[in-house]
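Peer 1: Protein chains in written order, with this note's numbering: chain A, 1 to 220; chain B, 1 to 314; chain C, 1 to 398.
Beta carbons: idealized from backbone N, C-alpha and C, even for Gly.
Only a predicted model underlies this, so the values are computations on that prediction, with no experimental measurement involved.
Here it is, the structure in full.
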Amino acid sequence: MIELRNVLFRYAEGAFSLEVPALRVETAARAAAIGPSGSGKTTLLNLVSGIERPARGEVHTGGTRVDALSPAERRAFRITRIGFVFQEFLLLDYLDVRQNILYPYRLHPELRLDQEARDRAERLAEGLGVRRLLDRRPDELSQGERQRVAIARALVTSPELILADEPTGNLDPVTKNEVLDLLFEQCDALGMTLLMVTHDHALLDRFTQVIDVSKWGGTP
Amino acid sequence: MASESNLARLLTVCLILASTAGCSKKAPSAPQATAQGPLRVYAVNYPLSYFATRLAPSDVEVRLPVPESVDPAYWRPSADIIAEYQAASVILLNGAGYAGWTRYATLPRAKTLVTAQGCREAFLPSGENVEHRHGPGGAHTHADTAFTTWLDLRLAVCQAAHVRDALSMLSPGEQKAIEARFAALEQDLLSLDERLRGVAKRLVGQPLLASHPVYQYLADAYELSIESLHFEPDQALDAEALADLDARLDARPASWMLWEASPLPSTERELQDRRIEVVVFEPLAQPPREGDFLEAMRNNVARLACAAGAEACP
Amino acid sequence: MGRHAVKDSLYLAWRYLTHQPAKTTLLVLALTTFLGLPMVMRAMSSVIQRSLLARAEATPLLLGKKGSSLDLVIESLYFQPKGVEALTAADVTEVDATGLAQAIPLRTGLMSRTFPLVGTTLDYFSFRDLSLSSGRMLATLGECVLGAEAAQELDLGPGDAVTTSPSTMFDLAGVYPLRMRVVGVLAQAHGPDDRAVFVDLKTAWIAEGLGHGHQDLATAAGDVLLKSKNDVTTANAKLVQYNEISEANLDSFHFHGDAERYPVSAVIAVPANEKSGVLLRGRFLDDSTRQLLRPAQVVEGLNDQIFRFERVLRIIVSTVGAATGLMFLLVMLLSWRLRADELRTMERLGCSRFKAMQIMGAEVFLMVGTSVVAAALFGLLMTQYGEGWLQNLILRGS
Numbered sequence: 001m002i003e004l005r006n007v008l009f010r011y012a013e014g015a016f017s018l019e020v021p022a023l024r025v026e027t028a029a030r031a032a033a034i035g036p037s038g039s040g041k042t043t044l045l046n047l048v049s050g051i052e053r054p055a056r057g058e059v060h061t062g063g064t065r066v067d068a069l070s071p072a073e074r075r076a077f078r079i080t081r082i083g084f085v086f087q088e089f090l091l092l093d094y095l096d097v098r099q100n101i102l103y104p105y106r107l108h109p110e111l112r113l114d115q116e117a118r119d120r121a122e123r124l125a126e127g128l129g130v131r132r133l134l135d136r137r138p139d140e141l142s143q144g145e146r147q148r149v150a151i152a153r154a155l156v157t158s159p160e161l162i163l164a165d166e167p168t169g170n171l172d173p174v175t176k177n178e179v180l181d182l183l184f185e186q187c188d189a190l191g192m193t194l195l196m197v198t199h200d201h202a203l204l205d206r207f208t209q210v211i212d213v214s215k216w217g218g219t220p
Numbered sequence: 001m002a003s004e005s006n007l008a009r010l011l012t013v014c015l016i017l018a019s020t021a022g023c024s025k026k027a028p029s030a031p032q033a034t035a036q037g038p039l040r041v042y043a044v045n046y047p048l049s050y051f052a053t054r055l056a057p058s059d060v061e062v063r064l065p066v067p068e069s070v071d072p073a074y075w076r077p078s079a080d081i082i083a084e085y086q087a088a089s090v091i092l093l094n095g096a097g098y099a100g101w102t103r104y105a106t107l108p109r110a111k112t113l114v115t116a117q118g119c120r121e122a123f124l125p126s127g128e129n130v131e132h133r134h135g136p137g138g139a140h141t142h143a144d145t146a147f148t149t150w151l152d153l154r155l156a157v158c159q160a161a162h163v164r165d166a167l168s169m170l171s172p173g174e175q176k177a178i179e180a181r182f183a184a185l186e187q188d189l190l191s192l193d194e195r196l197r198g199v200a201k202r203l204v205g206q207p208l209l210a211s212h213p214v215y216q217y218l219a220d221a222y223e224l225s226i227e228s229l230h231f232e233p234d235q236a237l238d239a240e241a242l243a244d245l246d247a248r249l250d251a252r253p254a255s256w257m258l259w260e261a262s263p264l265p266s267t268e269r270e271l272q273d274r275r276i277e278v279v280v281f282e283p284l285a286q287p288p289r290e291g292d293f294l295e296a297m298r299n300n301v302a303r304l305a306c307a308a309g310a311e312a313c314p
Numbered sequence: 001m002g003r004h005a006v007k008d009s010l011y012l013a014w015r016y017l018t019h020q021p022a023k024t025t026l027l028v029l030a031l032t033t034f035l036g037l038p039m040v041m042r043a044m045s046s047v048i049q050r051s052l053l054a055r056a057e058a059t060p061l062l063l064g065k066k067g068s069s070l071d072l073v074i075e076s077l078y079f080q081p082k083g084v085e086a087l088t089a090a091d092v093t094e095v096d097a098t099g100l101a102q103a104i105p106l107r108t109g110l111m112s113r114t115f116p117l118v119g120t121t122l123d124y125f126s127f128r129d130l131s132l133s134s135g136r137m138l139a140t141l142g143e144c145v146l147g148a149e150a151a152q153e154l155d156l157g158p159g160d161a162v163t164t165s166p167s168t169m170f171d172l173a174g175v176y177p178l179r180m181r182v183v184g185v186l187a188q189a190h191g192p193d194d195r196a197v198f199v200d201l202k203t204a205w206i207a208e209g210l211g212h213g214h215q216d217l218a219t220a221a222g223d224v225l226l227k228s229k230n231d232v233t234t235a236n237a238k239l240v241q242y243n244e245i246s247e248a249n250l251d252s253f254h255f256h257g258d259a260e261r262y263p264v265s266a267v268i269a270v271p272a273n274e275k276s277g278v279l280l281r282g283r284f285l286d287d288s289t290r291q292l293l294r295p296a297q298v299v300e301g302l303n304d305q306i307f308r309f310e311r312v313l314r315i316i317v318s319t320v321g322a323a324t325g326l327m328f329l330l331v332m333l334l335s336w337r338l339r340a341d342e343l344r345t346m347e348r349l350g351c352s353r354f355k356a357m358q359i360m361g362a363e364v365f366l367m368v369g370t371s372v373v374a375a376a377l378f379g380l381l382m383t384q385y386g387e388g389w390l391q392n393l394i395l396r397g398s
């Protein structure tokens with residue numbers, strides 16, 4: 001699913017660089033990216049999703065060479081084939097839960113908000129235990145409920161790959177496990193590859209692959 | 001003069017009506033008979049009604065809607081009757097405060113003509129003044145003005161002349177005919193005036209009594225010395241009235257008493273006992289039972305002349 | 001597909017705007033005001049042209065005391081009290097006496113509830129071509145005829161009564177409100193006459209205390225009379241003065257002093273023809289205390305002023321509009337800056353720049369569109385129903 005070859009990434013300002021000689025994540029794998037702050041974990045996600053382009057090397061995601069795409073192609077690629085889960089949830093306060101889940105459909109003409117999409121949103125909401133909250137707004141939900149909605153949003157377009165950047169970072173231990181269970185469950189059920197950034201080493205044994213980014217990136 | 005303002009107003013209205021009727025630039029025509037009916041002249045008393053009838057063309061209706069038994073001076077018309085006056089082509093008012101109802105009625109300024117206005121410098125007082133004061137406004141008088149102006153026949157001619165002018169404006173096409181009819185009326189009134197003067201000469205300095213204060217203009221114009229009382233022709237004289245009469249006779253003996261209508265026989269007897277001759281001189285505010293204004297005035301003069309010995313009695 | 005894309009952008013814009021009702025409302029109001037102002041100005045010009053000027057043109061000449069010609073016209077034609085100095089009844093007679101014009105007196109300045117009381121003569125009604133919709137015309141003192149709107153708002157008709165409003169609360173002379181009988185209601189005239197309460201000129205004089213009716217002093221009880229000597233009778237404050245003219249007390253009503261000196265606010269002079277009008281104007285040209293003017297000329301002057309004002313206002317409005325527009329843009333930019341996280345999320349999720357701009361544009365479009373619609377509606381309502389309100393605004397502010 002994901003393959004990086006001889007990738008070098010540098011930010012224009014500052015001395016940070018990320019150099020990945022080789023990285024491979026198999027389809028349907030559950031991979032965790034670990035490393036201290038500033039080691040390049042989020043940068044890795046950005047390279048895989050096409051948000052950033054490497055200065056050198058190749059980034060293959062889902063069989064597509066992402067670094068070779070134009071910015072518009074990369075956006076289209078992201079929205080149709082990748083789902084994102086963020087640490088801060090990043091739900092929109094002015095949309096209810098249902099519309100938050102369906103949000104990606106409104107952002108790109110390639111995605112058509114039809115009945116099938118709405119039904120899928122309902123099923124995901126059911127699976128993630130937020131069906132009863134569909135008419136509520138995010139500020140009426142708990143942290144755990146919000147993250148579950150964010151997960152539903154990430155899954156609603158049936159992407160091949162889920163990129164989660166510390167999705168449980170803002171959750172308490174109990175909720176954290178609940179959310180993770182649901183995320184793993186949905187990914188497994190839908191055959192999606194998961195690449196998740198995490199600081200929590202206690203969770204590592206739940207992943208099929210652990211990627212230590214610290215050996216590749218940082219500021220010397 | 002004030003009378004000129006009346007006529008000027010009427011003329012102006014006629015011109016305005018004419019100019020807006022056809023919006024044409026030719027000489028103004030008279031207000032034509034409308035779909036509502038012919039031209040109507042409304043008067044407030046019989047003399048004016050008589051003058052208008054004598055002078056008006058045949059297509060002009062003259063109306064005096066005062067009921068028979070009511071004195072026009074004190075008549076209170078209903079709102080419907082006032083509406084009739086409002087709809088008239090010309091409203092002939094007497095002037096001198098005649099017909100108190102015209103004080104409080106809403107009549108179209110433009111169509112009213114105060115016939116006696118400008119006919120003399122000042123109207124005569126009735127002699128019935130009551131001065132009073134209330135509030136901060138100071139003293140004021142509800143002065144009654146004498147209003148039987150037509151009993152001065154020269155003043156009557158002046159009033160008739162104003163009626164002529166109004167009718168001429170109303171029917172400009174009939175002006176010559178109206179003028180001719182006025183000349184005849186004027187002749188009638190002036191010759192009667194001359195006759196009355198002759199009779200009055202016989203009575204100069206002779207005190208006369210009157211049953212009511214309605215002869216002020218007669219007295220003033222013909223130099224008659226008349227003292228008025230308040231006797232009703234259809235009411236007997238009671239003791240108080242007789243006492244009042246006697247007191248006046250003591251102060252000023254009189255041989256004749258003018259009455260608006262024939263008094264009761266008992267009244268006549270009382271007067272005869274006091275050597276007072278009854279002379280009926282109808283003020284003619286209402287139409288006489290017989291004849292018209294001129295005939296009735298002639299009869300008035302004849303009776304006075306008879307009493308004065310100026311002419312043979314009828 | 002393009003249609004759906006626009007629909008999605010509009011949807012997101014709509015949800016965002018309705019989520020911030022206060023901010024959205026304020027912005028829309030600001031834009032509506034900016035867009036609506038020129039419409040109000042245009043409506044005002046149109047009102048002046050249509051109704052104010054029409055009424056002025058229908059009034060050939062107006063005689064009044066020397067002073068503000070605009071105040072005279074406003075009070076006499078539109079019945080807005082401006083406190084103009086009064087002429088006298090003698091002036092009415094004078095105009096009549098010229099033979100050049102018909103004189104129609106007006107006594108204004110008094111009120112009956114919130115409606116102007118207008119004392120005049122019957123000639124006024126035929127002059128203004130006013131007809132009755134119910135009841136009858138004025139016949140005697142103490143009666144009134146209501147304009148169509150006055151009757152409707154007061155819910156009065158023939159047979160009812162209405163009272164004058166005292167002109168000053170502390171009038172020591174004690175001018176009591178006069179109760180008047182409604183005898184008729186006029187048909188809609190689409191002008192100031194609709195809101196007036198018409199009375200005979202003499203009734204207006206009584207309403208302002210120049211005439212009154214009271215108990216007969218001859219038959220009044222002893223405690224009413226202060227003294228009675230010779231032919232002079234003085235009454236005290238116990239004397240009952242009537243505040244309503246009825247059949248029973250009509251004869252007691254009277255006026256004091258010379259009626260020719262009684263006040264008349266203005267005289268409408270209707271000349272017989274153009275030449276008469278010119279001659280009449282010539283007579284008053286050098287009058288030091290009075291002015292005879294053409295109301296149309298005065299209102300045209302008002303129109304010119306408003307037109308000049310409108311031009312200046314257009315410049316101001318354009319400038320303010322530009323500033324409003326810039327402020328609006330600034331608010332939008334600041335708003336989007338505050339929503340940077342949202343924009344970043346959109347980008348990370350894969351939203352194109354064009355799409356992001358489309359969403360932003362949709363917000364602007366919705367607000368501007370709503371403002372345009374609101375301003376248009378406001379303008380339409382103003383034109384259809386605001387004539388009276390605008391007329392009052394212009395006349396009260398003049």
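With which residues is Arg40 of chain B paired in a DSSP beta bridge?
Peer 2: Numbered from 1 along the second sequence, position 40 holds the residue referred to as residue 40 of chain B. DSSP output for Arg40 of chain B lists B:Glu61 as bridge partner(s).
Peer 1: When DSSP labels each residue in this structure, what does Phe125 of chain C get in the three-state scheme?
Peer 2: As a working mapping, residue 125 of chain C is identified with position 125 in the third sequence. Residue state, collapsed to three classes: helix.
Peer 1: From the beta carbon of Arg136 of chain C, is the nearest beta carbon of chain B less than 8 angstroms away?
Peer 2: Taking the first residue of the third sequence as 1, we reach residue 136 of chain C at position 136. Yes, Arg136 of chain C lies at the interface with chain B (some Cβ there is under 8 angstroms from its Cβ).
Peer 1: Does DSSP put Met137 of chain C in a helix, a strand or coil?
Peer 2: Counting from 1 along the third sequence, the entry for residue 137 of chain C is found at position 137. Correct three-state label for Met137 of chain C: coil.
Peer 1: Identify the contact partners of Gly95 of chain B in chain C, using a Cβ-Cβ distance below 7 angstroms as the criterion.
Peer 2: Translated into the one-based positions of the second sequence, residue 95 of chain B becomes position 95. Near Gly95 of chain B there are no residues of chain C at all, since even the closest Cβ is about 14 angstroms away, more than 7 angstroms.
Peer 1: So, for Glu244 of chain C: in the same chain, excluding its five sequence neighbours on each side, which residues have a beta-carbon less than 6 angstroms away from its beta-carbon?
Peer 2: Here residue 244 of chain C is taken as the residue at index 244 of the third sequence, counted from 1. Taken in chain order, the residues that qualify are Arg179.
Peer 1: At the level of alpha carbons, what is the spacing between Val299 of chain C and Ala56 of chain C?
Peer 2: Position 299 of the third sequence, counting from 1, holds the residue named residue 299 of chain C. Position 56 of the third sequence, counting from 1, holds the residue named residue 56 of chain C. Using only the alpha carbons, I get a separation of about 7 angstroms.
Peer 1: Would you list the residues sitting across from His256 of chain C in a DSSP beta bridge?
Peer 2: Residue mapping note: residue 256 of chain C aligns to position 256 of the third sequence, counting from 1. In the DSSP output, where bridge partners are listed per residue, His256 of chain C has none listed.
Peer 1: Nearest to Thr324 of chain C by alpha carbon, out of C:Leu156, C:Leu27, C:Asp8?
Peer 2: Taking the third sequence and counting its residues from 1, the one referred to as residue 324 of chain C is at position 324. Nearest of C:Leu156, C:Leu27, C:Asp8 to Thr324 of chain C, Cα basis: C:Leu27.
Peer 1: So, are the CB atoms of Leu171 of chain A and Met192 of chain A less than 8 angstroms apart?
Peer 2: Sequence index remark: in the first sequence, residue 171 of chain A carries index 171 (1-based). Sequence index remark: in the first sequence, residue 192 of chain A carries index 192 (1-based). No, Cβ-Cβ distance for Leu171 of chain A and Met192 of chain A is not below 8 angstroms.
Peer 1: Taking 8 angstroms as the threshold (beta carbon to beta carbon), is Ala374 of chain C in contact with chain B?
Peer 2: Translated into the one-based positions of the third sequence, residue 374 of chain C becomes position 374. No, no contact with chain B.
Peer 1: What are the residues in the segment 151-181 of chain A lying within 8 angstroms of chain C by C-beta distance?
Peer 2: Listed in sequence order: no entries.
Peer 1: Thinking C-alpha only, which one of A:Val20, A:Met196, A:Glu145 is nearest Val174 of chain A?
Peer 2: For the purposes of this step, residue 174 of chain A is taken as the residue at position 174 of the first sequence. If we check each option's Cα against that of Val174 of chain A, A:Glu145 comes out closest.
Peer 1: Figure out for me which residue from A:Leu95, A:Leu183, A:Leu113 has the closest Cα to the Cα of Glu140 of chain A.
Peer 2: On the first sequence, residue 140 of chain A is found 140 positions in, with the first residue counted as 1. Among A:Leu95, A:Leu183, A:Leu113, the Cα nearest to that of Glu140 of chain A belongs to A:Leu95.
Peer 1: Residues in the segment 35-67 of chain B with C-beta within 8 angstroms of chain C's C-beta atoms, listed in sequence order?
Peer 2: Listed in sequence order: no entries.
Peer 1: Compare the C-alpha of Pro116 of chain C against each of C:Gly157, C:Leu132, C:Lys355, C:Asp193 and name the closest.
Peer 2: Here residue 116 of chain C corresponds to residue number 116 of the third sequence, with the count starting at 1. Comparing Cα-Cα distances from Pro116 of chain C to each of C:Gly157, C:Leu132, C:Lys355, C:Asp193, the minimum goes to C:Asp193.
Peer 1: Please list, in chain order, all residues of the same chain as His134 of chain B whose beta carbon is under 6 angstroms from its beta carbon, the five residues on each side excluded.
Peer 2: Translated into the one-based positions of the second sequence, residue 134 of chain B becomes position 134. With a pLDDT of 42 at His134 of chain B, under the threshold of 50, the modelled position of that residue is not reliable, and the figure given next carries that caveat. Contacts found: none.
Peer 1: Asp119 of chain A lies in the alpha helix (DSSP H); which residues open and close that run?
Peer 2: Here residue 119 of chain A corresponds to residue number 119 of the first sequence, with the count starting at 1. That run of the alpha helix (DSSP H) goes 115-127.
Peer 1: Kindly indicate which three-state DSSP category Val267 of chain C falls into: helix, strand or coil?
Peer 2: The residue given as residue 267 of chain C occupies position 267 in the third sequence. Here Val267 of chain C sits in strand by DSSP.
Peer 1: So Arg109 of chain B contacts chain C; which residues on that side make the cut at Cβ distance below 7 angstroms?
Peer 2: As a working note, residue 109 of chain B is residue 109 in the second sequence. Simply Thr121, Asp123.
Peer 1: For Ala161 of chain B versus Leu209 of chain B, is the C-beta distance shorter than 8 angstroms?
Peer 2: Looking up residue 161 of chain B in the second sequence gives position 161. Looking up residue 209 of chain B in the second sequence gives position 209. Not in contact: Ala161 of chain B and Leu209 of chain B (Cβ atoms no closer than 8 angstroms).
Peer 1: Just mark Gly291 of chain B as buried or exposed, buried being the case when its beta carbon has 16 or more other beta carbons within 10 Å.
Peer 2: Mapped onto the second sequence, residue 291 of chain B falls at position 291. It is exposed - the Cβ of Gly291 of chain B has fewer than 16 other Cβ atoms within 10 Å.
Peer 1: Apply the 10 Å Cβ neighbour rule to Cys313 of chain B and answer buried if 16 or more other Cβ atoms are within range, or exposed otherwise.
Peer 2: In the second sequence, residue 313 of chain B corresponds to position 313, counting from 1. That one is exposed.
Peer 1: Rounding to the nearest angstrom, what Cα-Cα distance links Arg136 of chain C and Gly184 of chain C in this structure?
Peer 2: The residue labelled residue 136 of chain C in the question sits at position 136 within the third sequence. The residue labelled residue 184 of chain C in the question sits at position 184 within the third sequence. Approximately 5 angstroms between the Cα atoms of the pair.
Peer 1: 8 angstroms is my cut-off, CB to CB: does Glu194 of chain B come that close to chain C?
Peer 2: On the second sequence, position 194 is the one that residue 194 of chain B refers to. Judged by the 8 angstroms Cβ criterion, Glu194 of chain B is not in contact with chain C.
Peer 1: Can you find a CB in chain A that lies within less than 8 angstroms of the CB of Tyr11 of chain C?
Peer 2: As a working note, residue 11 of chain C is residue 11 in the third sequence. Answer yes: the Cβ-Cβ gap between Tyr11 of chain C and chain A drops below 8 angstroms somewhere.
Peer 1: Per DSSP, Ile112 of chain C is paired with what?
Peer 2: Counting from one through the third sequence, the residue named residue 112 of chain C turns up at place 112. Note that residue 112 of chain C is Ser in the sequence shown, not Ile. Its beta-bridge partners are C:Phe115.
Peer 1: Should Lys111 of chain B go down as buried or exposed, given a rule of 16 or more other Cβ atoms within 10 Å for buried?
Peer 2: As a working note, residue 111 of chain B is residue 111 in the second sequence. Burial call: buried.
Peer 1: Taking buried to mean at least 16 other C-beta atoms within 10 Å of its own C-beta, is Ala103 of chain C buried or exposed?
Peer 2: Counted from its first residue, the third sequence places residue 103 of chain C at position 103. Classification for Ala103 of chain C: buried.
Peer 1: For chain C, check one thing: does any of its Cβ atoms lie closer than 8 angstroms to the Cβ of Ile178 of chain B?
Peer 2: On the second sequence, residue 178 of chain B is found 178 positions in, with the first residue counted as 1. So no, Ile178 of chain B is outside the interface.
Peer 1: Spatial neighbours of Thr80 of chain A within its chain, please: CB distance less than 8 angstroms, with the 5 preceding and 5 following residues excluded, ordered by chain position.
Peer 2: Start at 1 with the first residue of the first sequence, and residue 80 of chain A comes out as number 80. The answer, listed in chain order, is His108, Glu110, Leu111, Thr157, Pro159.
Peer 1: Rounded to the nearest angstrom, how far is the Cβ of Ala296 of chain C from that of Ala101 of chain C, given a contact under 8 angstroms?
Peer 2: The count along the third sequence starts at 1 and reaches residue 296 of chain C at position 296. The count along the third sequence starts at 1 and reaches residue 101 of chain C at position 101. Actually they do not touch by this definition, with Cβ atoms about 16 angstroms apart.
Peer 1: Chain C partners of Gln86 of chain B, CB-CB under 7 angstroms?
Peer 2: By one-based count along the second sequence, residue 86 of chain B stands at place 86. Chain C residues near Gln86 of chain B: Leu122, Met137.
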